[in-house]
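This report refers to the structure that appears directly beneath it.
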Amino acid sequence: RISGTCGIVGCTLFVVGMWLCSSHEFPWWSDPLGHSLWHWGLTALALAVLPTDRKLVYFAMSVWVVALTLVGLGCLIWEDDNSVAVFRKLCDPFDDDGTAWLIGLFACKTALAIICFGAAFALVRAALVLYPRDLLASFWNILFWYMAMMACGDLLACAMALALERPRPPNSTDPPAWLRSLCWVPSEVVMMLVLSIQSFRHRMQAMLASRGESVRTAAAISSLLSSGDAQEVLVKACGLFRAVSCDLLTEGMLASNGPDPALFSLSQAASLGAVDAFLSHSWHDDPPAKWAALQVWREQFKEEHGGREPLLWLDKVCLDQTNIEESLQCLPVFLSGCNQLLVLAGKTYLTRLWCIVEVFVFLAIEGKSENLTIRSLVDASDGHGSLRELVEQFDSSKVTCARPEDKDRLLGFAEAGFGDLTTFSQEVQRVLMKACWTEHWESAV
13 RISGTCGIVG
23 CTLFVVGMWL
33 CSSHEFPWWS
43 DPLGHSLWHW
53 GLTALALAVL
63 PTDRKLVYFA
73 MSVWVVALTL
83 VGLGCLIWED
93 DNSVAVFRKL
103 CDPFDDDGTA
113 WLIGLFACKT
123 ALAIICFGAA
133 FALVRAALVL
143 YPRDLLASFW
153 NILFWYMAMM
163 ACGDLLACAM
173 ALALERPRPP
183 NSTDPPAWLR
193 SLCWVPSEVV
203 MMLVLSIQSF
213 RHRMQAMLAS
223 RGESVRTAAA
233 ISSLLSSGDA
243 QEVLVKACGL
253 FRAVSCDLLT
263 EGMLASNGPD
273 PALFSLSQAA
283 SLGAVDAFLS
293 HSWHDDPPAK
303 WAALQVWREQ
313 FKEEHGGREP
323 LLWLDKVCLD
333 QTNIEESLQC
343 LPVFLSGCNQ
353 LLVLAGKTYL
363 TRLWCIVEVF
373 VFLAIEGKSE
383 NLTIRSLVDA
393 SDGHGSLREL
403 VEQFDSSKVT
413 CARPEDKDRL
423 LGFAEAGFGD
433 LTTFSQEVQR
443 VLMKACWTEH
453 WESAV
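For the sequence shown, the working numbering assigns the number 13 to the initial residue and increments by one for each residue that follows.
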């Protein structure tokens, strides 16, 4: 819905714009109109790219670099009739042999070329040093300043025309020189205003994706599965899904996230829907507190289920440490295969991006807050405030992740699904606070 709609609109505007620019069958106004259309067309094509589309991000930037470079070269080597007419009108009263208007024309075209080349260089430099999500943000900033400089140049040309142009003959059908220059400005100013709205891209994509009450969560889940076909991922996840009996766990397993392939042998193959809980926790929270909270939950579970040991999904034990990337594609399916989400939430839980993604995906799939159990490890007396206060202060833009490339990708998922990070943060706060009000907050301290 997003890429298709923006792609069709962008291609249509770009083709029509280039046709108007290159054709000499239309009046003088076709040139500024054509340039405006192809600018908007390429912008719409850029909107078709989600932060999760890593290859498309670089492809879109390449298209813009090529377009800006060609426009810059065109400014230097192509003398269009409109530009020549404008400068002749400006310089005719002072220059009989045409030297002044040629110099003015060359200076103006050189300035436009420098603007185009500068924008293209900035995009290339950004593409070499930034991750896709940051590259898209940088692109919109570069495009804003590019349009700002173009608008300033056209306004300056318009002012010069008003100051220098001689009176027009009464029967003249040619437009005044200042009007030719001014025709470029409205589109450039409108695009500047649109690009100055920080969340414009995210809101536009969210609007195009909207088609129902659960659209944002569905879009984010699709983003998580985007690296492979959904049916293939489901089949793969069924083969990789495992669980571990709670009595086989030790406190040391919750202390460090260092890989230990030997632990994988403790887990067993499981069927979707046959695992009691998905254990979500932060490796940076206090291990003894997590262990104590887990044991309290375990004893309650055994009391309610006739003494049966609960089956858990724990990443360190149930994931094949030699093939993390493949398992990552299956995370939403693993979450859906567990009957509840057990969160051991300490003071760092809401600062870890993977923890937040686990909460969001589980609730998006299950849609039932009663399947969420949160054990608070936070002691308000230690100066960190209560867990509820931490939830109220949650800001997804400040979360951390072990690898920068993972953070870029996961925040891209959030933006793709919710439109922007502010909306994503509000959704996480909403579902966690709902668990609080429905008395599913349980304290282990």
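For glycine and all other residues, C-beta sits at the position ideal for the given N, C-alpha and C.
It should be emphasised that the depicted structure is a prediction, and the values quoted were computed from it without experimental measurement.
| query | result |
| --- | --- |
| Can you tell me where the alpha helix (DSSP H) with Trp-325 in it begins and where it stops? | Segment 323-325 is the beta strand (DSSP E) holding Trp-325; no alpha helix (DSSP H) there. |
| Per the DSSP calculation, Val-256 is bridged to which residue(s)? | Leu-324 |
| Which residues mark the beginning and the end of the beta strand (DSSP E) in which Ala-289 is found? | 289-293 |
| Give a yes or no on whether the C-beta atoms belonging to Ala-171 and Val-197 are separated by under 7 Å. | no |
| Do you know whose CA, among Leu-142, Gln-280 and Leu-260, lies nearest Trp-303's CA? | Leu-260 |
| Lys-410 and Leu-12 - do their beta-carbons sit closer together than 7 Å? | Summary: the structure shown does not reach residue 12, with the chain confined to residues 13 through 457, and so no result is reported for it. |
| Which one of Thr-363, Phe-71, Leu-284 and Leu-252 has the shortest CA to CA distance from Asp-297? | Thr-363 |
| Report the three-state DSSP secondary structure of Thr-360 (helix, strand or coil). | coil |
| Whole angstroms are fine: how far does the CA of Leu-353 sit from the CA of Met-159? | 49 Å |
| When you compare the CB positions of Ile-368 and Val-256, do they come within less than 7 Å of one another, or not? | no |
| Would you kindly report the start and end of the unbroken alpha helix (DSSP H) that includes Arg-387? | Arg-387 -> not in any alpha helix (DSSP H); beta strand (DSSP E) instead, spanning 384-388. |
| Quick check on this structure: which residue in Ser-193, Ala-60 and Ala-123 has the alpha carbon closest to the alpha carbon of Leu-148? | Ala-60 |
| Does the Cβ-Cβ distance between Val-373 and Leu-347 come in under 7 Å? | yes |
| Output yes or no for whether 7 Å exceeds the beta carbon distance between Val-83 and Cys-128. | yes |
| Quick one: using the 10 Å Cβ neighbour count with 16 as the cut-off for buried, is Asp-432 buried or exposed? | buried |
| Using the Cβ count rule (16 or more neighbours within 10 Å means buried), how would you classify His-317? | exposed |
| What residue does the alpha helix (DSSP H) around Ile-89 start on, and which one ends it? | 66-89 |
| Does the region 315-329 touch the region 383-392, meaning 3 or more C-beta pairs lie closer than 8 Å? | no |
| Between Cys-342, Asp-332 and Pro-188, which has its C-alpha nearest Ser-277's C-alpha? | Asp-332 |
| Taking only the alpha-carbon atoms, compute the straight-line gap between Ala-79 and Ser-193 and give it to the nearest angstrom. | 22 Å |
| What does Leu-354 pair with, by DSSP beta-bridge criteria? | Leu-291 and Thr-385 |
| What is the DSSP secondary structure of Thr-435, counted as helix, strand or coil? | helix |
| Using only the alpha-carbon positions, how far apart do Ser-283 and Arg-254 sit? | 8 Å |
| Quick one: what does DSSP say Gly-19 is sitting in, helix, strand or coil? | helix |
| Give, in chain order, every unbroken run of the alpha helix (DSSP H) that is at least 4 residues long and sits entirely within the region 124-177. | 144-176 |
| Given this structure, state the Cα-to-Cα distance separating Val-329 from Val-287, to the nearest angstrom. | 14 Å |
| State the Cα-Cα distance for the pair Asn-351 and Gln-341, rounded to the nearest angstrom. | 20 Å |
| CA-CA distance, Pro-299 and Met-73? | 45 Å |
| Can you give the beta carbon distance from Asp-407 to Ser-388, rounded, assuming they're within the 8 Å contact cut? | Wrong, their Cβ atoms sit about 20 Å apart, outside the cutoff. |
| Is the beta carbon of Thr-360 sitting closer than 7 Å to the one on Ser-292? | no |
| Is it right to say Arg-228 is buried, meaning 16 or more other beta carbons lie within 10 angstroms of its own, or is it exposed? | Any reading at Arg-228 must be qualified, since the residue scores a pLDDT of 44, below 50, and its modelled position is unreliable; the value itself is stated next. Arg-228 comes out buried. |
| Tell me where the alpha helix (DSSP H) around Trp-52 begins and ends. | 42-59 |
| For Val-75, which of Arg-145, Gly-165 and Phe-151 has the nearest alpha-carbon? | Phe-151 |
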